[in-house]
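**Student:** My structure is below; once you've seen it, I'll send some questions.
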Amino acid sequence: MQSKFTSIEICAGAGGQALGLERAGFEHIALVEIEHLACETLRTNRPHWNVIEGDVREFSATATEGLDLLAGGVPCPPFSIAGKQLGNNDERDLFPEIIRLASECKPKAVLIENVKGLLTKKFDTYRLQIEERFEDLGYKGLWKLVQASDFGVPQLRPRVAFVAFAEDYLDYFQWPKPNNQSPPTVGETLFSEMASLGWKHAGVWKEKANKIAPTLVGGSKKHGGADLGPTRARMAWEKLGVDGKGLAGKPPVDGFNGMPKLTLRMTATIQGFPKDWIFCGKKTPAYRQVGNAFPPPVAKAIGKQIASALKREHKNPFPLLQEVFPKRPELMFWTETGTLAKCAGPWRANHTHTTAAAKPGCTLVT
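Numbered per our numbering, the sequence shown spans residues 2 to 367.
Here's what the structure looks like:
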């Protein structure tokens, strides 16, 4: 049985997803990224990776037929709540490209991540179109809203993951289970860095920063600088004792008074990057790479489950008919007792039913 699985990633950015997949046992054949500084980040940290700098629309995967995994974090502005939500009418929508690449290289599995806005009712039709396009290629897919904090990331960062499998691999796939422990707080995560230059108030700050971080927002070249997000996000940071109006060049020193700013390294730590991961470029473009990344621990968790499915290690006893999201009007699902049920929504995502009678509105399907 193979020890390493092969993968190609598009829109690789600073390598958050690539690093997580590497840790899950995937060997990258190619990583495609259009931003020069992000490519430099990838090359600096992993000189052996085959980084292809250019537009994914000009990339062909025909020479890699038989690939294990095609992955990508396609641009989120078409679906972001902070944007105009143009969806497939947005020129930055690259879902068609990953479908094209899947048709070329015929991978055993596909992984796509995006913002939670893609799950809103506005994009129901578009999600269905994506599913149908993959079905035409012989894949079965699932959507899932994943919380980075469920996998040890000290940040409120909901992301949408879409996985699709060829053949019967989906029968062996299960979404990763959340960690049993709560994620560390911002104070617990960053205390050592905040205190590294002798700041005498670091202990008091740690107690104030007693929750996980709000979502880091990387922005784009047109929108978003080296700060910690829009006004609401900065207010949330202020409650944690952090000045969100920009980044600091270094941690606070002994005589510092007031609210500290985070350094670039601190934001990377909050995203789940290792301390030795280097980001190329000046402060603003480097922070954009951090803020737009898919947290490596989340990518690793999903990647390990994909690898397990490709090995056909554990067959799922309850086949997944349809993933469950909030505010869906009607849902079909398998109960833990192996019976098929229909639930009249809305109900919260990932709710587990042991019997159809576990929630009002659920009925067995005969």
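Backbone N, C-alpha and C define an ideal beta-carbon position, used for all residues, glycine too.
1) Could you have a look at T285 and say whether DSSP puts it in helix, strand or coil?
2) V291 and A269 look like a contact to me (Cβ under 8 angstroms); what is the Cβ gap, rounded to whole Å?
3) What would DSSP say about H37, mapped onto helix, strand or coil?
4) Within 10 angstroms of its Cβ, does H441 collect 16 or more other Cβ (buried), or is it exposed?
5) Using 8 angstroms as the threshold, is the C-beta distance between L32 and N51 below it?
6) Please classify K201 as buried or exposed, where buried requires at least 16 other C-beta atoms within 10 Å of its C-beta.
7) Work out the CA separation of V147 and T439 for me, nearest whole Å.
8) Does DSSP put N51 in a helix, a strand or coil?
9) Which same chain residues end up closer than 8 angstroms to E194 when comparing Cβ atoms and leaving out the 5 residues on each side of it in sequence?
10) Assuming contact is defined by CB atoms lying nearer than 8 angstroms, are N181 and D151 in contact in what I supplied?
11) Give the DSSP-derived three-state secondary structure of P108 in the structure shown.
12) From G55 to G259, what distance separates their C-alpha atoms?
13) Where does G204 fall in DSSP's three states?
14) Would you please verify whether the beta carbon of V116 is less than 8 angstroms from any beta carbon of chain C?
15) According to DSSP, is F135 part of a helix, a strand, or is it coil?
16) Would the segment 280 to 294 count as touching the segment 201 to 215 if we require 3 or more Cβ pairs under 8 angstroms?
17) Quick one, are the C-beta atoms of V161 and W176 less than 8 angstroms apart?
18) Would G16 be called buried (16 or more neighbouring beta carbons within 10 Å of its own) or exposed?
19) Mind checking S183: buried by the 16 CB within 10 Å criterion, or exposed?
20) Assuming A234 and G245 are in contact, meaning their beta carbons sit under 8 angstroms apart, how far apart are those beta carbons, in whole angstroms?
21) E10 lies in the beta strand (DSSP E); which residues open and close that run?
22) Taking its Cβ as the centre, do 16 or more other Cβ atoms sit within 10 Å of V254, making it buried, or is it exposed?
23) Tell me the residue span of the beta strand (DSSP E) that contains A162.
24) Does the distance from the C-beta atom of R24 to that of K301 stay below 8 angstroms?
25) Would you tell me roughly how many angstroms separate the C-alpha atoms of I9 and G204, rounded to the nearest one?
26) R158 to K117, Cα distance in whole Å?
27) With a threshold of 16 other CB atoms inside 10 Å of the CB of K123, please say whether the residue is buried or exposed.
28) Rounded to the nearest angstrom, what separates Q18 and A214 at their Cα positions?
29) Helix, strand or coil: how does DSSP classify Q272 here?
30) Using three-state DSSP, classify N46 as helix, strand or coil.
31) Assign P108 to buried or exposed, taking buried as 16 or more other Cβ atoms, counted over all protein chains shown, within 10 Å of its Cβ.
32) Take the Cβ of C12 as the centre, count every other Cβ of all protein chains shown within 10 Å, and call the residue buried at 16 or more, exposed below.
33) Classify G139 as buried or exposed, calling it buried when 16 or more other Cβ atoms lie within 10 Å of its own Cβ.
34) Per the DSSP calculation, V116 is bridged to which residue(s)?
**Tutor:** Per the coordinate set shown:
1) Translated into positions along the sequence shown, residue 285 becomes position 284. If DSSP states are grouped into helix, strand and coil, T285 belongs with the helices.
2) For the purposes of this step, residue 291 is identified with residue 290 of the sequence shown, where counting begins at 1. For the purposes of this step, residue 269 is identified with residue 268 of the sequence shown, where counting begins at 1. Indeed, because the Cβ distance is near 5 angstroms, the residues count as touching under 8 angstroms.
3) Residue 37 sits at position 36 when you count from the first residue of the sequence shown. H37 falls in the helix class under three-state DSSP.
4) Lying before the first or after the last residue shown, residue 441 is absent from the chain, which here runs from 2 to 367.
5) Residue 32 sits at position 31 when you count from the first residue of the sequence shown. Residue 51 sits at position 50 when you count from the first residue of the sequence shown. The answer is yes: Cβ separation under 8 angstroms.
6) Here residue 201 is taken as the residue at index 200 of the sequence shown, counted from 1. With fewer than 16 other Cβ atoms within 10 Å, it is exposed.
7) Given a span of 2 to 367 for the chain in the structure shown, any question on residue 439 remains unanswerable.
8) Within the sequence shown, the letter at position 50 stands for residue 51. Coil, per DSSP.
9) Residue 194 sits at position 193 when you count from the first residue of the sequence shown. Within the same chain, E194 has close Cβ partners P252, T264, R266, M267 and T270.
10) Locating residue 181 in the sequence shown gives position 180, where the first residue counts as 1. Locating residue 151 in the sequence shown gives position 150, where the first residue counts as 1. In this structure, D151 does not lie closer than 8 angstroms to N181 by Cβ.
11) Residue mapping note: residue 108 aligns to position 107 of the sequence shown, counting from 1. In this structure, P108 counts as coil in the three-state DSSP scheme.
12) Residue mapping note: residue 55 aligns to position 54 of the sequence shown, counting from 1. Residue mapping note: residue 259 aligns to position 258 of the sequence shown, counting from 1. Answer to the nearest angstrom: the Cα atoms are 44 angstroms apart.
13) The sequence position of residue 204 within the sequence shown is 203, counting from 1. Helix.
14) Checking the listed chains, one finds no chain C in this structure; it contains a single protein chain.
15) Within the sequence shown, the letter at position 134 stands for residue 135. If DSSP states are grouped into helix, strand and coil, F135 belongs with the helices.
16) no
17) For this step, residue 161 is matched to residue 160 along the sequence shown. For this step, residue 176 is matched to residue 175 along the sequence shown. Their beta carbons are not under 8 angstroms apart, which means V161 does not touch W176 by this criterion.
18) The count along the sequence shown starts at 1 and reaches residue 16 at position 15. Buried, since its Cβ has 16 or more Cβ neighbours within 10 Å.
19) Taking the sequence shown and counting its residues from 1, one reaches residue 183 at position 182. Exposed is the call here.
20) Along the sequence shown, read from residue 1 onward, the residue named residue 234 stands at position 233. Along the sequence shown, read from residue 1 onward, the residue named residue 245 stands at position 244. Rounded, the Cβ-Cβ distance is 6 angstroms, consistent with contact.
21) On the sequence shown, position 9 is the one that residue 10 refers to. Element bounds for E10: F6 to I11.
22) Sequence index remark: in the sequence shown, residue 254 carries index 253 (1-based). Result: exposed.
23) In the sequence shown, residue 162 corresponds to position 161, counting from 1. Taken as a continuous stretch (DSSP letters only), the beta strand (DSSP E) holding A162 covers P159 to A167.
24) Reading the sequence shown from its first residue, position 23 is the one you call residue 24. Reading the sequence shown from its first residue, position 300 is the one you call residue 301. In contact: R24 and K301 (Cβ atoms closer than 8 angstroms).
25) Working through the sequence shown from its first residue, we reach residue 9 at position 8. Working through the sequence shown from its first residue, we reach residue 204 at position 203. Cα to Cα, the separation comes out at about 44 angstroms.
26) For the purposes of this step, residue 158 is taken as the residue at position 157 of the sequence shown. For the purposes of this step, residue 117 is taken as the residue at position 116 of the sequence shown. Whole-angstrom Cα-Cα distance: 9 angstroms.
27) Numbered from 1 along the sequence shown, position 122 holds the residue referred to as residue 123. Its Cβ having fewer than 16 others within 10 Å, K123 is exposed.
28) Counting from 1 along the sequence shown, the entry for residue 18 is found at position 17. Counting from 1 along the sequence shown, the entry for residue 214 is found at position 213. When rounded, the distance between both Cα atoms is 20 angstroms.
29) Here residue 272 is taken as the residue at index 271 of the sequence shown, counted from 1. Coil, per DSSP.
30) Along the sequence shown, one-based indexing puts residue 46 at 45. Looking at N46 - three-state DSSP - the assignment turns out to be helix.
31) Here the question's residue 108 lines up with position 107 in the sequence shown. Its Cβ being crowded by 16 or more others within 10 Å, P108 is buried.
32) By one-based count along the sequence shown, residue 12 stands at place 11. C12 is buried by the Cβ-count criterion.
33) Residue 139 sits at position 138 when you count from the first residue of the sequence shown. The residue in question, G139, is exposed, as its Cβ has fewer than 16 Cβ neighbours within 10 Å.
34) For the purposes of this step, residue 116 is identified with residue 115 of the sequence shown, where counting begins at 1. Note: V116 sits in a beta bridge opposite R160.
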